[in-house]
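Asker: Going by UniProt numbering, the residue at position 142 of the sequence shown is 142; the numbering climbs one at a time, nothing skipped.
All residues carry an ideal CB built from backbone N, CA and C; glycine is no exception.
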Amino acid sequence: MVSMMHGVTLILSSPVFDGKMALEAVSKERGSFLYGTPTMFVDMLNQPDFSSYDISTMRGGVIAGSPAPPEVVRAIIHKLNAKELVVAYGTTENSPVTFMSFPEDTEEQKSQSVGRIMPHTEAQIVNMELGTMAELNTPGELWIRGYCVMLGYWGEPQKTEEVIGQDKWYRTGDIATMDEQGFCKIVGRSKDMIIRGGENIYPTELEDFLHTHPKVQEVQVVGVKDDRMGEEVCACIQLKSGEETTPEEIKAFCKGQISHFKIPRYIVFVNNYPLTISGKVQKFKLREQMERHLNL
Numbered sequence: 001m002v003s004m005m006h007g008v009t010l011i012l013s014s015p016v017f018d019g020k021m022a023l024e025a026v027s028k029e030r031g032s033f034l035y036g037t038p039t040m041f042v043d044m045l046n047q048p049d050f051s052s053y054d055i056s057t058m059r060g061g062v063i064a065g066s067p068a069p070p071e072v073v074r075a076i077i078h079k080l081n082a083k084e085l086v087v088a089y090g091t092t093e094n095s096p097v098t099f100m101s102f103p104e105d106t107e108e109q110k111s112q113s114v115g116r117i118m119p120h121t122e123a124q125i126v127n128m129e130l131g132t133m134a135e136l137n138t139p140g141e142l143w144i145r146g147y148c149v150m151l152g153y154w155g156e157p158q159k160t161e162e163v164i165g166q167d168k169w170y171r172t173g174d175i176a177t178m179d180e181q182g183f184c185k186i187v188g189r190s191k192d193m194i195i196r197g198g199e200n201i202y203p204t205e206l207e208d209f210l211h212t213h214p215k216v217q218e219v220q221v222v223g224v225k226d227d228r229m230g231e232e233v234c235a236c237i238q239l240k241s242g243e244e245t246t247p248e249e250i251k252a253f254c255k256g257q258i259s260h261f262k263i264p265r266y267i268v269f270v271n272n273y274p275l276t277i278s279g280k281v282q283k284f285k286l287r288e289q290m291e292r293h294l295n296l
């Protein structure tokens, strides 16, 4: 619809997303902007014949749907020539985009945040233990208020009351921080947070770190049950084409760079992840798969 409003050509590269076909479409049709989730962009960037495609017409794009690791954002900007890339965040209940970066924002701002709040919309980070607004750069639950917030879930008033208070603030369930300039960083989902022996561990933080390993193509971190610690950290890693490594090598890479209690106890190498139709990773299914795989 937006394409029609602005009179630009919309190219659908395939019935369902395929990284190779997306690159072929950009090259053949001289595409200039790409829209996708982090997983989709990673699939394009890691095509074995990536360098053979002419992407010289690329200018920018939108990455949204799930937190984008900084290394992935930088790769899109430089390898895909998407200098005008913007990062967006929102939920279906918020119609859906509430935070977005802008083309002129710096690479650091784009890779380390989801941008700033959209016009005519309010946001606050709430300390859930105290029920008060959190300090700047301190994790808390992200709340949104404004014209974009839904009226409610159809036919489910109780579910609506659980997420929208009398003050009209919508509780996203996402853990985030906000800096002095209003840039918001999504730390993770509150329901995905891993509590290991009383320590709170945010999967997104570990995923961002593990993405810096030169052999790692994609990584998803989940908590799996443990009788002693309550939960343990499990990193599900896709390796780049032709690369080999071991769990011990990954753990050695972590030592001295992240807190010892955040180092994954389990490292599992996978070929794919359970995805929604829109390309988002279904972490609850991944968690179930890992617990079965590890016989927990």
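Let's see if you can read the secondary structure: which residues bound the alpha helix (DSSP H) around F99?
Answerer: Careful: F99 lies outside any alpha helix (DSSP H), inside the beta strand (DSSP E) at 97 to 100.
Asker: If you drop the 5 nearest sequence neighbours on each side, which residues of the same chain put their C-beta closer than 7 Å to that of Q282?
Answerer: Here the set comprises P274, L275, T276.
Asker: Less than 8 Å between the CB atoms is what I'm expecting for I201 and K251, so what's the real figure, rounded?
Answerer: With a Cβ gap of about 15 Å, I201 and K251 do not count as contacting.
Asker: Going by DSSP, what residue range makes up the alpha helix (DSSP H) through Q289?
Answerer: Residues 283 to 293.
Asker: Could you check whether I63 and N81 sit closer than 7 Å to each other, using their CB atoms as the reference points?
Answerer: In this structure, I63 does not lie closer than 7 Å to N81 by Cβ.
Asker: What does the Cβ neighbour count give for G65, buried or exposed, with the cut at 16 atoms within 10 Å?
Answerer: That one is buried.
Asker: Comparing C-alpha positions only, which one of Q124, H6, H120, I76 sits nearest to G182?
Answerer: Among Q124, H6, H120, I76, the Cα nearest to that of G182 belongs to Q124.
Asker: Can you tell me the Cβ-Cβ gap for L294 and V224, rounded? I've got them flagged as a contact below 8 Å.
Answerer: About 6 Å; that satisfies the 8 Å criterion.
Asker: Go ahead and pull the three-state DSSP assignment for N94.
Answerer: Residue state, collapsed to three classes: helix.
Asker: Does the beta-carbon of H78 have 16 or more other beta-carbons within 10 angstroms, so that it is buried, or is it exposed?
Answerer: Label assigned to H78: exposed.
Asker: Whole angstroms is fine: what's the gap from V187's alpha carbon to Q217's?
Answerer: Going by the C-alpha atoms only, they are around 20 Å apart.
Asker: So what does V268 bridge to, in DSSP terms?
Answerer: The partner list for V268 (beta bridge, DSSP) reads C236.
Asker: Can you tell me the Cα-Cα spacing of D208 and M40, whole angstroms?
Answerer: Rounded to the nearest angstrom, the two C-alpha atoms are 17 Å apart.
Asker: Can you give, in chain order, each stretch of the beta strand (DSSP E) that sits fully within the segment 173 to 219 and has at least 3 residues?
Answerer: With a minimum length of 3 residues, the continuous beta strand (DSSP E) runs that stay inside the segment 173 to 219 are 184 to 189, 194 to 196, 199 to 201.
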